[in-house]
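K.L.:
Using the numbering used here, the first residue of the sequence shown is number 14, and each one after it goes up by one.
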Amino acid sequence: MLGGPDRWRFYRLVGREAARSVRAASARLTAPPDILARVRVSGLIIAPHDLRTSDATFADDIYAGLFVFAGRSLAVSGGSPFDYAPPSPEWAEVLYGFGWLRHLRAADTALARANARAFVADFMAGRGDPALARPTPVAARRLISFLSQSPLVLEGADRTFYQNFLRSLGRAARELEHDLRQGVPPPWRLLAAVALCYAGLCCDGIQPILRRATRILSRELDRQIMADGGHRSRDPRFAMELLLDLLPLRQSYLSRSVDPPEALLRAIDRMLPLLRLLRHADASLSHFNGMGATAADHLATLLVYDGTLAQPLMHAPLSGYERLEGGRLVVVADVGAPPPLVYSRNACAGCLSFEMSSGPQRIVVNCGLPESGAELRRLARSTPAHSTASVADDSSSHVLARTGWWGERLAADWICRRLGPILLHGPAAVKSERFTDGEAEVLAARHDGFVRDHGVVHERRWRLIGSEGRLEGEDAFLRAGSGKASARVNHRPREVAVRFHLHPSVVLEPGPDGGLALGLPLGEVWDFRAEGADIAIEESVYFAGLSGARRTDQIALHLTVGEGARVSWSFTRRAAAAPAA
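(1) Near V181, what residues of its chain come up, given a Cβ to Cβ distance below 6 Å and the 5 sequence neighbours on each side ignored?
(2) What is the DSSP secondary structure of V27, counted as helix, strand or coil?
(3) For G439, tell me which candidate among A170, P61, H411 and A296 has the shortest Cα-Cα distance.
(4) Whose CA, out of V509, D192 and C215, lies closest to the CA of L179?
(5) On the CB-based measure, 16 or more other CB atoms within 10 Å of its CB, does K497 come out buried or exposed?
(6) Given this structure, state the Cα-to-Cα distance separating A146 from V464, to the nearest angstrom.
(7) Can you tell me whether A77 is buried or exposed, with buried defined as 16 or more other CB within 10 angstroms of its CB?
(8) Could you have a look at M253 and say whether DSSP puts it in helix, strand or coil?
(9) In the DSSP assignment, find the unbroken beta strand (DSSP E) run with I568 in it and report its ends.
(10) For P286 and E576, what's the separation of their Cα atoms in angstroms?
(11) If we count the other Cβ atoms within 10 Å of its Cβ and call it buried at 16 or more, is E168 buried or exposed?
(12) For a quick check, are the C-beta atoms of L342 and L484 less than 8 Å apart?
(13) Please name the residue in R564, L559, F541 and R391 whose C-alpha comes closest to that of E552.
(14) DSSP puts A458 in a beta bridge; with which residues?
(15) Between the alpha carbons of T573 and P506, how many angstroms are there, rounded?
(16) Any contact of the region 203 to 214 with the region 260 to 271, i.e. 3+ C-beta pairs under 8 Å?
(17) Which two residues bound the contiguous beta strand (DSSP E) that contains I376?
(18) What residues are listed by DSSP as bridge partners for T401?
(19) Please determine if the region 545 to 561 and the region 376 to 389 are in contact, where contact requires at least 3 C-beta pairs separated by less than 8 Å.
(20) Sorted by chain position, which residues of the same chain lie with C-beta nearer than 6 Å to R155's C-beta, five sequence neighbours on each side aside?
(21) In whole angstroms, what is the alpha-carbon distance linking I75 and N359?
(22) Can you name the start and end residues of the alpha helix (DSSP H) that A510 belongs to?
(23) In whole angstroms, what separates the C-alpha of D73 from that of S265?
(24) Tell me whether the beta-carbon of G183 lies closer than 8 Å to the beta-carbon of I222.
(25) Output needed for A595: all residues of its chain with C-beta closer than 6 Å, excluding positions within five of it in sequence on either side, in chain order.
(26) Which residue's Cα is closest to the Cα of I568: F541, R447, R587 and V580?
(27) Quick check on this structure: which residue in R430, D406 and A442 has the alpha carbon closest to the alpha carbon of A458?
(28) With a CB to CB cut of under 7 Å and the five nearest residues on each side skipped, what residues in its chain are close to L392?
(29) So, does the region 342 to 351 touch the region 363 to 376, judging by three or more C-beta pairs under 8 Å?
(30) What residue range is occupied by the uninterrupted beta strand (DSSP E) comprising L436?
(31) Given this structure, state the Cα-to-Cα distance separating V554 from D272, to the nearest angstrom.
(32) What span of residues does the beta strand (DSSP E) with I548 cover, start to end?
(33) Assuming T149 is part of the alpha helix (DSSP H), what are its boundary residues?
(34) When we look at the beta-carbon of H467 and count the other beta-carbons within 10 Å, is it buried (16 or more) or exposed?
(35) Work out the CA separation of G84 and S90 for me, nearest whole Å.
(36) So is G451 buried or exposed if we call it buried at 16+ other beta carbons inside 10 Å?
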């Protein structure tokens with residue numbers, strides 16, 4: 014059941030979203046007729062470039078009737094994948110988004126082209142589940158995929174197929190235009206605007222949509238891309254996927270001799286350096302707020318366009334990320350508050366978590382978000398799935414739960430259908446500062462995410478000494494001062510766990526002086542020590558592996574917090590095992 018503060022926060026959210034729906038309905042009644050209702054796609058002018066890399070071996074799986082998407086597989090035995098129940102909602106999103114057509118294009122065979130055309134024909138004929146194909150992000154991805162892969166689909170096609178294909182493009186554009194008038198959530202508005210800009214540039218006959226779509230795109234980019242380059246969702250995956258669409262869109266404007274909007278150019282310039290902040294030397298992004306496995310080839314493609322000449326951003330205060338770097342050692346930390354509710358469908362309770370790498374070797378990680386599975390994704394978003402501290406195995410932020418009396422459950426279902434499994438509450442005050450102390454780079458931060466339920470403030474300090482190959486840290490747990498939130502809490506002692514999830518490639522064994530030794534793949538050995546808490550080795554799961562979830566270990570420091578407690582810890586590279594730089 015929702016508690017008092019959560020209940021009123023939830024009711025305000027329901028009221029705002031209901032008012033948004035009413036305003037959208039009113040706007041539809043008073044708006045001029047849909048400009049796309051009077052026009053039809055009469056031809057294709059250009060096919061935008063798809064920056065996402067492709068794998069021709071995927072065509073072999075298709076020939077064998079095997080469709081592997083989002084970590085799940087379906088064997089169709091010569092049938093159509095649209096005739097089967099999808100193994101997961103995420104799998105269905107990929108199928109109906111048709112981004113996988115690029116793999117068939119890479120095969121560059123007559124059979125691949127025939128297969129692609131057959132699958133598109135199945136969809137246009139109405140096979141499959143319309144409810145799975147209709148969500149705005151899926152429809153936007155499908156429209157972009159159809160446009161960018163049109164050379165594959167249309168080569169060798171007859172006139173009937175060609176006309177049906179053009180009608181399908183026009184229908185998709187009208188549906189996305191309708192979604193914009195419906196008042197869909199902000200991230201979806203941005204994706205719909207991107208797809209409609211593509212349609213206006215690539216299709217002959219619906220150019221009237223381009224001006225309106227460009228105006229919406231500019232407005233949403235200015236609203237959603239912050240000054241330090243982060244998206245308001247704080248989701249690195251969303252930002253990376255968005256950039257993979259924005260860069261070809263910029264080129265499409267230029268190909269049509271149309272000036273790209275200034276907001277598009279500004280957004281691209283801001284977003285690329287932030288990806289470098291989050292990037293480790295193994296070409297993967299840090300696992301924060303929705304990031305799972307990184308498609309390293311996609312990231313490498315994007316960073317080619319970065320004009321900062323490989324100089325990463327170190328400080329992103331609006332996005333809530335910090336990077337410490339010295340020698341081979343890189344630390345990336347999440348020191349930000351949860352995103353606004355309407356952007357939080359993938360946000361995680363990982364405040365003050367961090368990841369650490371030495372050269373191309375990952376050491377400390379977060380579990381990352383799995384590609385499929387609602388329950389697994391819920392667990393991966395919790396605080397214990399991050400390399401930070403949790404109080405009483407609780408999370409510093411909480412996902413909206415469908416509990417309470419029947420009216421609240423109905424309202425929660427409606428919100429989840431509209432916005433997804435959002436974070437209902439989390440830290441309200443997150444503060445951080447960084448400075449230099451001699452040769453050390455120091456980052457200090459604190460948050461109040463455990464005050465409401467446990468009366469505990471978490472403070473963390475990182476001290477990186479790159480020349481010595483050493484990261485020192487301290488976690489402090491302080492009783493909250495006076496105030497309404499503190500007064501409601503029973504101040505009995507709380508059990509606290511400070512976790513350091515390790516990459517699966519790290520070999521963990523007992524070390525000298527009661528510490529632990531961490532063996533890395535390239536021969537480095539690191540020593541871990543802690544004071545003020547008991548050290549335990551526990552099992553963990555790394556959800557962000559390219560081949561799926563993998564078992565791994567975590568170091569856990571357990572302590573009891575009464576009036577306050579501190580624990581210090583360190584990771585130190587053994588000098589004799591350090592490889593040449």
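Just so it is clear, CB atoms sit at the ideal spot from N, CA and C, and this is done for glycine as well.
P.N.:
This is what the structure gives:
(1) Counting from one through the sequence shown, the residue named residue 181 turns up at place 168. The sequence shown places Ser at residue 181, rather than the Val named in the question. Same-chain partners within the cutoff: M137.
(2) As a working mapping, residue 27 is identified with position 14 in the sequence shown. Helix, per DSSP.
(3) Residue 439 sits at position 426 when you count from the first residue of the sequence shown. Selected option, being the one with the closest Cα: H411.
(4) Counted from its first residue, the sequence shown places residue 179 at position 166. Taking only the C-alpha atoms, the option nearest L179 is C215.
(5) Here residue 497 corresponds to residue number 484 of the sequence shown, with the count starting at 1. In this prediction, K497 scores a pLDDT of 48, lower than 50, which makes its location untrustworthy; no coordinate-derived value is stated.
(6) As a first step, residue 146 must be located in the sequence shown, where it is residue number 133. As a first step, residue 464 must be located in the sequence shown, where it is residue number 451. A146 and V464: Cα-Cα distance of roughly 43 Å.
(7) Counting from one through the sequence shown, the residue named residue 77 turns up at place 64. So A77 counts as exposed.
(8) Here residue 253 refers to the residue found at position 240 of the sequence shown. Note: M253 maps to helix in three-state DSSP.
(9) Position 555 of the sequence shown holds residue 568. That run of the beta strand (DSSP E) goes R563 to V574.
(10) In the sequence shown, counting from the first residue as 1, residue 286 sits at position 273. In the sequence shown, counting from the first residue as 1, residue 576 sits at position 563. Approximately 42 Å, taken between the alpha carbons.
(11) Your numbering for residue 168 matches position 155 in the sequence shown. Its Cβ having fewer than 16 others within 10 Å, E168 is exposed.
(12) Counting from 1 along the sequence shown, the entry for residue 342 is found at position 329. Counting from 1 along the sequence shown, the entry for residue 484 is found at position 471. Yes; because the gap between Cβ atoms is below 8 Å, this pair is in contact.
(13) In the sequence shown, the residue the question calls residue 552 occupies position 539. Selected option, being the one with the closest Cα: R564.
(14) Position 445 of the sequence shown, counted from the start, is the residue given in the question as residue 458. S445 and R473.
(15) Stepping through the sequence shown from its first residue, residue 573 is reached at position 560. Stepping through the sequence shown from its first residue, residue 506 is reached at position 493. A straight-line Cα-Cα distance of about 6 Å links T573 and P506.
(16) Three or more beta-carbon pairs drawn from the region 203 to 214 and the region 260 to 271 are found closer than 8 Å, and the two stretches are therefore classed as touching.
(17) Within the sequence shown, the letter at position 363 stands for residue 376. Unbroken beta strand (DSSP E) run through I376: Q374 to V378.
(18) Sequence index remark: in the sequence shown, residue 401 carries index 388 (1-based). Under DSSP, T401 takes part in no beta bridge, so it has no partner.
(19) yes
(20) What you label residue 155 is simply residue 142 of the sequence shown in a count that begins at 1. Closer than 6 Å at the Cβ level, and outside the excluded window around R155, lie G110 and F111.
(21) Position 62 of the sequence shown holds residue 75. Position 346 of the sequence shown holds residue 359. Whole-angstrom Cα-Cα distance: 30 Å.
(22) In the sequence shown, residue 510 corresponds to position 497, counting from 1. A510 -> not in any alpha helix (DSSP H); beta strand (DSSP E) instead, spanning R507 to L515.
(23) Position 60 of the sequence shown, counted from the first residue, corresponds to residue 73. Position 252 of the sequence shown, counted from the first residue, corresponds to residue 265. Using only the alpha carbons, I get a separation of about 32 Å.
(24) The residue labelled residue 183 in the question sits at position 170 within the sequence shown. The residue labelled residue 222 in the question sits at position 209 within the sequence shown. At the C-beta level, G183 and I222 stay beyond 8 Å of one another.
(25) Because residue 595 is not part of the residues shown, which for the chain are 14 to 594, the question remains open.
(26) One-based indexing of the sequence shown puts residue 568 at position 555. Comparing Cα positions, the closest option is F541.
(27) Translated into positions along the sequence shown, residue 458 becomes position 445. With distances taken between Cα atoms, A458 lies closest to A442.
(28) Taking the sequence shown and counting its residues from 1, one reaches residue 392 at position 379. So the list reads A398, once near-sequence residues are dropped.
(29) Short answer: they touch.
(30) Mapped onto the sequence shown, residue 436 falls at position 423. Taken as a continuous stretch (DSSP letters only), the beta strand (DSSP E) holding L436 covers L436 to H438.
(31) Sequence index remark: in the sequence shown, residue 554 carries index 541 (1-based). Sequence index remark: in the sequence shown, residue 272 carries index 259 (1-based). Their backbone Cα atoms lie some 48 Å apart in a straight line.
(32) Within the sequence shown, numbered from 1, the residue matching residue 548 stands at position 535. That run of the beta strand (DSSP E) goes D547 to Y555.
(33) Residue 149 sits at position 136 when you count from the first residue of the sequence shown. From DSSP, the alpha helix (DSSP H) with T149 extends over T149 to S161.
(34) To locate residue 467, count along the sequence shown from 1; it is residue 454. Buried, by the Cβ-count rule.
(35) Taking the first residue of the sequence shown as 1, we reach residue 90 at position 77. Taking the first residue of the sequence shown as 1, we reach residue 84 at position 71. Going by C-alpha positions, S90 is about 19 Å away from G84.
(36) Residue mapping note: residue 451 aligns to position 438 of the sequence shown, counting from 1. Of the residues assessed, G451 falls on the exposed side of the cut-off, its CB having fewer than 16 other CB atoms within 10 angstroms.
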